[in-house]
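Trainee: Structure incoming, see below.
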Amino acid sequence: MSLSPSSRRRFSVCILSVLLAVTTLAQSFTETRTIDFYRDVASRDLRGLGTRSDGRLVPGPTVNALDGEWPVDALLWSFAARPDGSLVVGSGPDATLWRVTPDADTMRFETTPLATFGSGHLHTVAVLPDGTMVTAVSPSGRVVHLDADGEILGEVSLPVAMVFDLLPDADGQHVWVATGSPARVYRIDLATMADAEPELWGEVRDRNLRRLAMDRQGRVLAGSAPSANLYRFTTAGAPPEILWDEDDGEITDLHVTDDGDLYVVWVSSSNDSTQRVARGSGAQKSDESGENQTPPQPVTIMEAAPSPGGFSGRSSLVRLPGGDGLPELVVSRNNVSIYRIVPRGDVLLLAGGDEGELLGYDLKERRSLTFAGSESAQINDLLPASHGSTDYWGLGNNPAALLRIDFAGEGIRSATTRRLDLRTLGRLGALRFNRLRELAADDLQVELRVNRGRDTREGWSAWTAATETDGAWLTPDLQGRYVQVRLTIDEEIDANASLDRATLYHAPQNRRPSLQAFHIAAPGYSLIPRAESSSASLPSLSDIVGSESDNDSRNSNGLMSSSVMPDPGMQIVAWSVNDYDGDQLRATFAVRPDGDDTWLNLIENSAESWLQFDRRSLPEGTYFTRLTIAETAPRAPAERHEITFETDDLVIDMSAPRLRDATVTLDGDALVLSVMVADEQSLPVGIEVVFNNGYRTTLVAPADGILDQLEEHFRLEVPQSLVSGASAVEIFAEDAAGNRGSQRLALP
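Quick note on numbering: the sequence shown equals residues -26 to -1, 1 to 722 in mature numbering (1 follows the signal peptide of the UniProt record, and there is no 0).
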């Protein structure tokens, strides 16, 4: 018998009576837990690093709060940069406008009140090209124009309860105003605002207009709440167009890119108390014609703090190509509320809460990102710092804070995973990364801690440093069901550095067997052992790949349940792709050797979700792999999508493992075999021992109990009664690639 060519985690089992003198390898007890950093690391547990939606860790910003004093009950809503480098901040509940002077070198800020308007909130503030400022007080609907020192130049009271956003034009002569209760857009001429009535630009039937933007044609865009509609106003007084709508929620921000695409943040919640715009009174009642029947009523102020249970909703980033194309969902995050979009090169920074999240979306790579978050529960606003695009100011709430977000920050970079559930108590083995890119193993520090209980705060062991050997990070004997991993880099790293997903090896707790049933057969029968037969059932594909999901076979139309048979040298590759529209798909799979830029297509435009090829046709080594999925007919050519995935590395290993230091000694009534098995590329998976009297046995558990090293020590004790008459033994070793090496020893 030979070792099963599986995913190197599980082995086929076939146990027959010892009387037959035929034994096969048993199942390995080693289990694995994949660590996807995008899924398993929260924003608040990052420092100087980010996570990418393909599961990798990448360089990211540091987020630190500056030292300074805010009023105890201050709620910071929005801010803008002033020509002198200071900031102007709108706050509540006393409707104060602050001048804030930050110092990035000392990490401190000073505040000076510019204007106070009594009770209320300043949800929006804008600084005009001439240095003057515009803000608005809610719930009074008062719009105020101030000079640089906070003196009022003009003001107007709108017949509304709330003002949520201000949109100045390019020369700062006019400003568009988004209001709530009722939901309207006004345009105000700042030069004549004290004498002339504001121009009613448009009105909608939803309760509030939350955010304004201008498209490249100069048309006003507005997002609403609580129905989450996206409106476009073409000319003053004309009925608006609806570009997109949802059943409920709010549109918290809009961003138009340089190429005219429109990105919209839609936040929905299952709990009204966590919404920033309450659904209380304040909506106008309308008849079927849309005419208002009652005047606006008082409305509930925007909710400031997260609910005790956290935000129980979802935020989505939606793209409208060209500004008015069909909406495309590009990012969706559960239990996160996104408040602001700010561009940084090819990345959209997304500020949110209710755990101070700082997120991102790469426009070029079309990947989601998570960056280091803040200690404040919310990051309400973002602003590029005046001295460069690597620094940003952030505005936090709960507690109120001025944040420095530095993408070029120096110092320690770290990431800590969430609590990882291994599903059963057990002992940890090695932690291995699929690949370190532009990063040396010596620059990475790995620590782990374990817990036998499910509590997130108590019961944890001390952090234990892991030691790196041959690409594996090992810790002393750590045991538990739950584990956390902390990665630290205290050296400067390349901008293109990344850490791929990791695999944590572990051995479950060894539990005692228990008797489930017992039967005494009726007398008068004898047992005839069943002989091996070629008609025995064959293993399936899921058996040899170690499928972790019960859904694999359904998603692959039964592919994973297909039978397989031994065939030396062949390699199977399989995948599952889901298309929501049911398109016909074609696949191209390619490989290239590490260090070579030339890709070799192994299949092209295949309708299958698998391929098989002879491994012997490729030189030994590690290969990058690439899977390209393309839509095809009946989809029209102009509408077909094509996407390329960077898939797992392929290792071609045709070399047999090496056996060394093999010995056979006599210990009482038993023979003791000891051998070291080593391989350059594939992990050893076990040994088979054959005595020349016909007795054979197998061993898949190394001396330390976990198969996780390129070199393993195997030790086997065999009673002399089983090898009576034998004078020699042959030891066969097998690696995870199915290669076998052997050594013959004389018996003592």
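Every residue, glycine too, gets a C-beta built ideally from N, C-alpha and C.
Just to confirm the assignment, what range does the beta strand (DSSP E) spanning Arg13 have?
Mentor: No beta strand (DSSP E) holds Arg13; the alpha helix (DSSP H) holding it covers Phe11 to Asp14.
Trainee: Ends of the beta strand (DSSP E) at Gly383?
Mentor: Gly383 -> no beta strand (DSSP E), and no H or E assigned at all.
Trainee: Please confirm whether Arg7 and His480 have their CB atoms less than 8 Å apart.
Mentor: Cβ distance < 8 Å, so Arg7 and His480 count as in contact.
Trainee: In chain order, which beta strand (DSSP E) runs of at least 3 residues are fully inside the region 305 to 367?
Mentor: Runs of the beta strand (DSSP E) inside the region 305 to 367: 311 to 318, 321 to 327, 332 to 336, 341 to 345 and 352 to 358.
Trainee: Taking a contact to mean a Cβ-Cβ separation below 8 Å, would you say Leu164 touches Gly124 in this structure?
Mentor: No, these two residues do not count as a Cβ contact at 8 Å.
Trainee: What does the alpha-carbon distance come out to for the pair Gln258 and Gly59?
Mentor: For Gln258, the predicted model reports a pLDDT of 38, less than 50, meaning its position is unreliable and no value from the coordinates is stated.
Trainee: Output the distance between the C-alpha atoms of Gly22 and Val15, rounded to the nearest integer angstrom.
Mentor: Answer to the nearest angstrom: the Cα atoms are 13 Å apart.
Trainee: Using three-state DSSP, classify Val134 as helix, strand or coil.
Mentor: Val134 falls in the coil class under three-state DSSP.
Trainee: State buried or exposed for Thr36, treating a residue as buried only when at least 16 other CB atoms are found within 10 Å of its CB.
Mentor: So Thr36 ends up on the buried side.
Trainee: In the DSSP assignment, what are the bridge partners of residue 724?
Mentor: Absent from the structure is residue 724, since the part of the chain shown begins at -26 and ends at 722.
Trainee: So, is Pro57 buried or exposed, given that buried needs 16 or more other C-beta atoms within 10 angstroms?
Mentor: Classification of Pro57: exposed, given that the 10 Å Cβ count is below 16.
Trainee: Report the three-state DSSP secondary structure of Met534 (helix, strand or coil).
Mentor: Met534 falls in the helix class under three-state DSSP.
Trainee: Does Leu690 come out as helix, strand or coil in the three-state DSSP assignment?
Mentor: Reduced to three states, the DSSP call for Leu690 is strand.
Trainee: Would you kindly work out how many angstroms separate the C-alpha atoms of Arg184 and Ser27, rounded to a whole number?
Mentor: Their backbone Cα atoms lie some 29 Å apart in a straight line.
Trainee: Alpha carbon to alpha carbon, how far is Leu49 from Met136? Give it in angstroms, no decimals.
Mentor: Distance between the alpha carbons of Met136 and Leu49 is about 16 Å.
Trainee: Measuring CA to CA, which of Ser243, Asp417, Trp218 and Thr364 is closest to Val292?
Mentor: Nearest option by C-alpha distance: Trp218.
Trainee: Since Val638 contacts Phe665 with CB under 8 Å, what's their CB separation in whole angstroms?
Mentor: So it is not a contact: roughly 10 Å between Cβ atoms.
Trainee: Short check: CB of Gly131 to CB of Gly154, under 8 Å?
Mentor: Per the sequence presented here, residue 131 reads as Ser, with Gly not at that position. No, Cβ-Cβ distance for Ser131 and Gly154 is not below 8 Å.
Trainee: Classify Ser244 as buried or exposed, calling it buried when 16 or more other Cβ atoms lie within 10 Å of its own Cβ.
Mentor: Classification for Ser244: exposed.
Trainee: Could you tell me if Pro214 is buried or exposed, where buried requires 16 or more neighbouring beta carbons within 10 angstroms of its beta carbon?
Mentor: Per the 10 Å Cβ criterion, buried.
Trainee: Near Pro567, which residues of its chain fall below 6 Å by C-beta distance, leaving aside the five closest residues on each side in sequence?
Mentor: Closer than 6 Å at the Cβ level, and outside the excluded window around Pro567, lie Gly595 and Tyr597.
Trainee: So, under 8 Å CB-CB, Gly543 and Asp474 are touching, yes? Tell me the CB distance rounded to an integer number of Å.
Mentor: Contact flag wrong, Cβ pair sits at about 28 Å.
Trainee: Restricting to Cα atoms, I'd like to know which of Val118, Met81 and Thr449 is closest to Val99.
Mentor: Val99 has its Cα closest to that of Val118, out of Val118, Met81 and Thr449.
Trainee: Who pairs with residue 803 in a beta bridge, going by DSSP?
Mentor: Residue 803 is absent from the model: the chain starts at -26 and stops at 722.
Trainee: Alpha carbon to alpha carbon, how far is Ala382 from Val62?
Mentor: Distance between the alpha carbons of Ala382 and Val62 is about 25 Å.
Trainee: Need the endpoints of the beta strand (DSSP E) that Pro200 sits in, please.
Mentor: Here Pro200 belongs to no beta strand (DSSP E), and DSSP marks it neither H nor E.
Trainee: CA-CA distance, Gly368 and Thr449?
Mentor: Cα-Cα distance, rounded: 39 Å.
Trainee: Apart from the five residues on each side of it in sequence, which residues of its chain come closer than 8 Å, Cβ to Cβ, to Ala212?
Mentor: Cβ within range, chain order: Gly176.
Trainee: For Met276 and Val238, I'd like the C-alpha separation in whole angstroms.
Mentor: Because the pLDDT at Met276 is just 43, under 50, the model does not fix this residue reliably, and the point stays unresolved.
Trainee: Helix, strand or coil, according to DSSP, for Ala257 in the structure here?
Mentor: The predicted position of Ala257 is uncertain, since its pLDDT is 35 and thus under 50; a value taken from the coordinates is nonetheless stated next. Of the three classes helix, strand and coil, the one that applies to Ala257 here is coil, per DSSP.
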